[in-house]
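Numbering (the working numbering), first residue to last: 6 to 220.
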């Protein structure tokens, strides 16, 4: 089978019987009741937002990652005792006779130390603003389905894909998925993006605690 980079949303839906839910309660819970961002952090985020506004049309993917996304993720300490962030890691799973899902994930948060064990959160596809050559939602869903099949525990998977200034948050829960509207990181919405990422970390902490409680 083909790698994540070649999947479309429609193909993932058909191959794995996924259904989009326009109103998904878990997505809404994830995107609301958000932790606060301090005044000092807002000042720094406004500077980052301005940098993105100035250069978003000129940066290639690597520049977008290094000069913006890395700084934004630095507000969230995903390095914890029981999980950590990973970059450019391969995921692969056999899901049927002669069928394999595989590919490289740009960013994920998972348990494990040297290699990801149980993924929780993905960021996939840092596309340039004007690059619409593929289907970032399809790629993200393909990676999330792979993790779903690999994971030891059944729980929702959280993710985001980025097209230039716009962040889209996605949840996959069993065979249902839902997608947020765009959050524009060149505007004050950048603070909401950081808050959602912090909330993601809180959700991961709760999931891991629930695993412990259930042995």
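For each residue, glycine too, the CB sits at the ideal point set by N, CA and C.
Query, Result
"Using 8 Å as the threshold, is the C-beta distance between residue 96 and residue 38 below it?", "no"
"Evaluate contact between the segment 39–48 and the segment 168–178, counting only Cβ atoms and requiring at least three cross-stretch pairs below 8 Å.", "no"
"Could you check where the alpha helix (DSSP H) with residue 171 kicks off and where it finishes?", "Not the alpha helix (DSSP H): residue 171 falls in the beta strand (DSSP E), residues 171–178."
"Run through DSSP, which three-state label would residue 92 get?", "strand"
"Just the Cα atoms here: how many angstroms apart are residue 70 and residue 8?", "22 Å"
"Apart from the five residues on each side of it in sequence, which residues of its chain come closer than 6 Å, Cβ to Cβ, to residue 53?", "76"
"Taking DSSP as the reference, what is the three-state secondary structure of residue 27?", "coil"
"How many Å lie between residue 212 and residue 115 at the Cα?", "12 Å"
"Taking its Cβ as the centre, do 16 or more other Cβ atoms sit within 10 Å of residue 118, making it buried, or is it exposed?", "exposed"
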